[in-house]
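S.K.: The listed protein sequences correspond, in order, to chains A and B.
Residues 16 to 339 in the working numbering are what the first sequence spells out, letter by letter.
Residues 673 to 1002 in the working numbering are what the second sequence spells out, letter by letter.
Idealized CB from N, CA, C, for every residue including glycine.
Once you've had a glance at the structure underneath, I'll fire off some questions.
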Amino acid sequence: MTAFILRRSLQSIIVLFVMSVIVFVGVNLVGDPVDMLINPESDQAEIDRVIRDLGLDRPVSEQYWYFVVNAFQGDLGRSFIFGEPALKLIIQRMPATMELALFSLLMAVVFGIPLGIYAGLKPNSKVSKTIMAGSILGFSMPTFWVGIILIMFFSVSLGWLPSTGRGEVATYLGITSSIFTLDGLSHIFLPAFNLALFKLSSVIRLARAGTREVILQDYIKFARAKGVAESRVVRVHLLKNIMIPVITIIGLEFGSLIAFSTVTETVFAWPGMGKLIIDSIYNLDRPVVVAYLMIIVVIFVTLNLIVDILYSVLDPRVRIKGVS
Amino acid sequence: MRQTVEPILEISDLQTHFFTKAGILRAVDGVSFEIGAGEIVGLVGESGSGKSITGFSIIGLVDSPGEIIGGTIKFKGEDLNDLSNEQMQHVRGNRIAMIFQDPMMTLNPVLRIETQMIEAIQAHDNKISREDARIRSRDALGLVGISSPDERLRAYPHQFSGGMRQRVSIAIAMLNRPDLIIADEPTTALDVTIQGQVISEMQKLCRETKTALLWITHDLAVIAGIADRVCVMYAGRIVEQGLVANTIANPLHPYTRGLMGSVPSQNQRGKPLQQINGMVPSMLSLPRGCAFQNRCSYVTEKCSSGRPDITHLSDERQVRCFNVSEVPKL
C-alpha cells in the first residue's frame, strides 16, 4: 500500500511538472497583462517600469525557472491585480467552492442512487421512464441556462430562495460554512442543485445500468433462494456491487465539479474559486490563473488516488500491490 | 423405497409458461412427479427441456416473463403456489434450499463468506445472535470438507477454487437443515475429479441428514450414481420415470434409449456412439402430437395425431409414448 501511494505520488509530480510547463507557456501566449494594469495615460518609462517590476522583460524560460524555484518554497507568485500571493487568494476562496461541490455531490448521490436503482428494478414502469427522461434532460441542458431558469423560477417568480451570494456562515468543528445556518442552506440550495444536475443524471444512469446488470446475476438469485428478504438483497447484495462504478465516477467527477463550478459560481455570484479564476482570466492575472490550474491538477491527482484506494476497499478482488 | 415414505413434494400438472414477444413458450407443460422424504430423485433432460425451470418453479423464483399458470406444487401437503411472497420467503432456504450450476457465479463477489452464510441463518431466525450463527456457519463449512473453516469464513469467494465454492454453496444450502434441496446441475461446471467428490459427499450428507434431493442434470451417468428414482424430461414434459436401476437397465421411451445410447461406456469400446438424430425442437413451434416424433426411430402415424398420455406400467414406472408396447426390448 505504501509503495503504491509513493509510486502514485511520483507519477503525480511528473504530471504536475508537465502541466505547469503547458500552462505557463499557454498564459504567456495570450494577451499582455500590462495593458490591463497601467493607466492608459502613462508614458513609456512608466510602462517599462511596470514590465520590469513584474519580471515580464525576462525570457519565458527564465520566468518559468523563477516560478519553479518559488513554487518549491510554496510561493506560486503574486497576483498582478491584488498584489497578494496567488495561493492565498485561492485558498481564501476555496471553502466556498468546496462546500458547493460537496453539497452538489451529496445531492447527486443521495437522489441519484435510489432513483437509478428504482429505474433499474422496474424498467417498464411509468415512474422509471420519467426518471430516465429527466436524466436525459439533465445531461443535455446547458448548466448556465438551467441556472438562469432556476433563478427565474424559484427566486424571481416564487421568491422562495435567494439567487446570489453565500448567505450567513457559521463555524462548526473548525469549519466555516454556509451549510450550518438556515440562511446559508437556502443560499446554497439553488447553485448546488444547478451544479449537481449533470452529475445526478450520470449517477442515475450508472446506478440503473448497474442494477439492470447485477439483478440478473446468479448471486442475486442465490441470495433470494436463501430466503433473504428482498430489501436486504437490494441494500446489500445489489448496492455493494453497483457502488464500484458509481464510486469511480463520483471520485473522478468531483474534480470536474470543482473545476467546472466556474459557470455556476458566475451565474449565482457564488464567491468561490471559480468566480476568481473567471475574473483573473478576464484581467490576464497570470499568476492566479497558473496557481489555480496547479491546484486543480493537485486536486484531480489526489482524488484519483483516493478513488483507487476506495475501489480496493469496495471490491476485494482489486488488491493494491506494491509492485506492478 | 418410495412406498415406505410419505411424499414430501408432490408436483402435479405443473405448467410454467414464458410470455415472450415471439409467442408463448411452454417451458414446463404438465409436469407431475413426487419426491419422498429423504429420497434422491434425478431430473434428466437436454438443455432447454425445462428441467431447470421446473426447479425454479418449485422454489418460486421463475424470472419474468415466466409465470406458473397451472398445476400444484404440494410441499408437505401445502400448495406453494398459494403462499404469499413473504411466506414463500420463509420456505426458501429454510425448508427448501437450492444449489446452482455455476459456483463461480453463485456467491456474491464483494461479500465475505461469513456474511453470506450468516444472513442465510438470520433470514429464518431473527433471535439467533451473530456469534451463534457464525459458529453454525463454521460447522457447516467443516461438514462439507473445507479445512480451517474459521479462517475461510473471513475469505471472499474469489479466494476459493470452483470446487471449494460449490462446497460453500452446499454448506449454505444445508445451513437450515432443509427437507428438500434442489441441485441444478451443481457439478456441470466442475472438473471430473471434483465432480465425483462433490457428488458422493452430497449423497452422503443427504443420506445422513435424511434430506430429500432433486438432482437436475443432463448427465445420466451422474444420476445412475446418485439417485433412487429418475424423471426424464423432454420439451417441457416428463417422458419417462421410474427407479434408476430399472430405467437405466431397460429404458422404455425412445428418448431415454437415445440418451442411454449416447453415454460412452467401456463395454462398447471401438464402436461409434449412437446419437439422437436431429435437434431439440424450438419450444415455440413444437410439432403437433408427440414432441419427440421428428427424432424418433419408432415413429408411427399415431404420433402426430395427439399428445401421448402417461402409461403407468407399474407403480414406479411411467412412460409417455404411444408405442411403449411396440418398442422392442434392448
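#1: Going residue by residue through the region 905-949 of chain B, where are the continuous alpha helix (DSSP H) segments of at least 4 residues, counting only ones entirely within it?
#2: The beta strand (DSSP E) that contains B/G717, what's its start and end?
#3: Give, in chain order, every unbroken run of the beta strand (DSSP E) that is at least 3 residues long and sits entirely within the region 676-710 of chain B.
#4: Just to confirm the assignment: which complete alpha helix (DSSP H) runs, minimum length 4, are found wholly within the region 817-850 of chain B?
#5: Run through DSSP, which three-state label would A/E228 get?
#6: Use the C-beta contact count for A/A4: other C-beta atoms within 10 angstroms, 16 or more gives buried, fewer gives exposed.
#7: Please report the straight-line C-alpha distance between B/P926 and B/E880, rounded to a whole angstrom.
#8: For B/A884 and B/L681, I'd like the C-alpha separation in whole angstroms.
#9: Could you name the residues of the region 224-258 of chain A whose beta carbon sits closer than 9 Å to any beta carbon of chain B, in the order they occur along the chain?
#10: Would a check of beta-carbon distances place A/R332 closer than 9 Å to chain B?
#11: Cβ of A/R23 within 9 Å of Cβ of A/N256?
#12: Given a threshold of 16 other Cβ atoms within 10 Å of its Cβ, counted over all protein chains shown, does B/H689 qualify as buried or as exposed?
#13: Looking at C-alpha atoms only, which residue of B/I853, B/S872, B/L945 is the closest neighbour of B/A709?
#14: Name the one or two DSSP bridge partners that A/P100 has.
#15: Put A/W285 into one of helix, strand or coil per three-state DSSP.
#16: Should the region 299-310 of chain A be regarded as contacting the region 128-138 of chain A, the criterion being three or more beta carbon pairs within less than 8 Å?
#17: Quick one: what does DSSP say A/Y326 is sitting in, helix, strand or coil?
#18: Pull up the distance between the alpha-carbon of A/M156 and that of A/D90, whole angstroms please.
#19: Just the C-alpha distance for B/I800 and A/G162, rounded to the nearest angstrom, thanks.
#20: Between the region 220-233 of chain A and the region 243-258 of chain A, can you find at least three pairs of beta-carbon atoms closer than 8 Å?
#21: Between the alpha carbons of B/M874 and A/V218, how many angstroms are there, rounded?
#22: With 9 Å as the threshold, decide whether the Cβ of B/M673 is near any Cβ in chain A.
#23: Give the interface partners of A/L329 over in chain B, defined as CB-CB distance under 8 Å, in chain order.
#24: Tell me, please, whether the CB atom of B/E718 is closer than 9 Å to any CB atom in chain A?
#25: Quick check on DSSP: helix, strand or coil for A/T277?
#26: Give a yes or no on whether the minimum CB-CB distance between B/G834 and chain A is below 9 Å.
#27: With B/A884 as the anchor, note down where its beta strand (DSSP E) starts and where it stops.
#28: What residues of chain A sit near B/T778, judged by a beta carbon separation below 7 Å?
#29: Count Cβ pairs between the region 740-751 of chain B and the region 829-843 of chain B that sit closer than 8 Å; are there 3 or more?
#30: How is B/T621 classed by DSSP in three states: helix, strand or coil?
#31: Look at the alpha carbon of A/V278 and the alpha carbon of A/G289, and state the distance between them as a whole number of angstroms.
#32: Kindly list, in the order they appear in chain A, the residues whose Cβ is closer than 7 Å to that of B/L733.
#33: Residues of the region 900-913 of chain B in Cβ contact with chain A at a cutoff of 9 Å, in chain order, please.
#34: Going by alpha carbons, who is nearest to B/N826 out of B/V816, B/M789, B/L847, B/A795?
#35: Within its chain, find whatever has a CB closer than 8 Å to the CB of A/N298; leave out the 5 residues flanking it on each side and keep chain order.
#36: So which residues on chain A does B/Q761 lean against when the C-beta distance must stay under 7 Å?
M.R.: A quick look at the data gives this:
#1: 916-921, 926-933
#2: Here the question's residue 717 of chain B lines up with position 45 in the second sequence. Neither: B/G717 is in no beta strand (DSSP E) and is coded neither H nor E.
#3: 679-692, 695-708
#4: 821-825, 834-846
#5: Counting from 1 along the first sequence, the entry for residue 228 of chain A is found at position 213. Of the three classes helix, strand and coil, the one that applies to A/E228 here is helix, per DSSP.
#6: Because chain A is modelled from 16 through 339, residue 4 of chain A falls outside the range shown and cannot be assessed.
#7: Position 254 of the second sequence, counted from the first residue, corresponds to residue 926 of chain B. Position 208 of the second sequence, counted from the first residue, corresponds to residue 880 of chain B. Here the C-alpha atom of B/P926 lies approximately 36 Å from the C-alpha atom of B/E880.
#8: Taking the first residue of the second sequence as 1, we reach residue 884 of chain B at position 212. Taking the first residue of the second sequence as 1, we reach residue 681 of chain B at position 9. Whole-angstrom Cα-Cα distance: 9 Å.
#9: L231, Q232, D233, Y234, I235, K236, F237, A238, R239, A240, K241, G242, V243, A244, E245, R247, V251, H252, K255, N256, M258
#10: Looking up residue 332 of chain A in the first sequence gives position 317. For A/R332, the answer is yes, since a Cβ of chain B falls inside 9 Å of its Cβ.
#11: The residue given as residue 23 of chain A occupies position 8 in the first sequence. The residue given as residue 256 of chain A occupies position 241 in the first sequence. Not a contact, by the Cβ cut-off of 9 Å.
#12: Locating residue 689 of chain B in the second sequence gives position 17, counting from the first residue. When all chains shown are included, B/H689 counts as buried.
#13: Here the question's residue 709 of chain B lines up with position 37 in the second sequence. That would be B/I853, whose Cα lies nearest to the Cα of B/A709.
#14: For this step, residue 100 of chain A is matched to residue 85 along the first sequence. A/R93.
#15: In the first sequence, the residue the question calls residue 285 of chain A occupies position 270. If DSSP states are grouped into helix, strand and coil, A/W285 belongs with coil.
#16: no
#17: Numbered from its first residue, the first sequence carries residue 326 of chain A at position 311. Reduced to three states, the DSSP call for A/Y326 is helix.
#18: Residue numbering aside, residue 156 of chain A sits at position 141 when the first sequence is read from its first letter. Residue numbering aside, residue 90 of chain A sits at position 75 when the first sequence is read from its first letter. For A/M156 and A/D90, the distance between alpha carbons rounds to 40 Å.
#19: Along the second sequence, read from residue 1 onward, the residue named residue 800 of chain B stands at position 128. Along the first sequence, read from residue 1 onward, the residue named residue 162 of chain A stands at position 147. Using only the alpha carbons, I get a separation of about 54 Å.
#20: The region 243-258 of chain A makes contact with the region 220-233 of chain A; the number of CB pairs closer than 8 Å reaches 3 or more.
#21: The sequence position of residue 874 of chain B within the second sequence is 202, counting from 1. The sequence position of residue 218 of chain A within the first sequence is 203, counting from 1. Their backbone Cα atoms lie some 44 Å apart in a straight line.
#22: In the second sequence, the residue the question calls residue 673 of chain B occupies position 1. Its pLDDT being 44, under 50, B/M673 is placed unreliably by the model, and the measurement read from it follows with that caveat. Judged by the 9 Å Cβ criterion, B/M673 is not in contact with chain A.
#23: Translated into positions along the first sequence, residue 329 of chain A becomes position 314. Neighbours of A/L329 in chain B, taken as residues whose beta carbon is under 8 Å from its own, are V782 in chain order.
#24: What you label residue 718 of chain B is simply residue 46 of the second sequence in a count that begins at 1. No, B/E718 lies away from the interface with chain A (no Cβ there is under 9 Å from its Cβ).
#25: Counting from 1 along the first sequence, the entry for residue 277 of chain A is found at position 262. In this structure, A/T277 counts as helix in the three-state DSSP scheme.
#26: Along the second sequence, read from residue 1 onward, the residue named residue 834 of chain B stands at position 162. For B/G834, the answer is no, since every Cβ of chain A falls outside 9 Å of its Cβ.
#27: As a working mapping, residue 884 of chain B is identified with position 212 in the second sequence. Where B/A884 is concerned, the enclosing beta strand (DSSP E) stretches over 884-889.
#28: Taking the second sequence and counting its residues from 1, one reaches residue 778 of chain B at position 106. Simply D233, Y234, F237.
#29: no
#30: This structure cannot settle anything about residue 621 of chain B, because the visible part of chain B is limited to 673 through 1002.
#31: The count along the first sequence starts at 1 and reaches residue 278 of chain A at position 263. The count along the first sequence starts at 1 and reaches residue 289 of chain A at position 274. Cα-Cα distance, rounded: 7 Å.
#32: Residue 733 of chain B sits at position 61 when you count from the first residue of the second sequence. Within chain A, the residues near B/L733 are K236, R239, A240.
#33: none
#34: Looking up residue 826 of chain B in the second sequence gives position 154. First, the residue type needs correcting, since residue 826 of chain B is Arg and not Asn in the sequence shown. Among B/V816, B/M789, B/L847, B/A795, the Cα nearest to that of B/R826 is on B/M789.
#35: Position 283 of the first sequence, counted from the first residue, corresponds to residue 298 of chain A. Excluding its 5 nearest sequence neighbours in each direction, A/N298 has C-beta neighbours in its own chain below 8 Å: P48, M51, F95, I96, listed in chain order.
#36: Stepping through the second sequence from its first residue, residue 761 of chain B is reached at position 89. The contacting residues are G242, A244.
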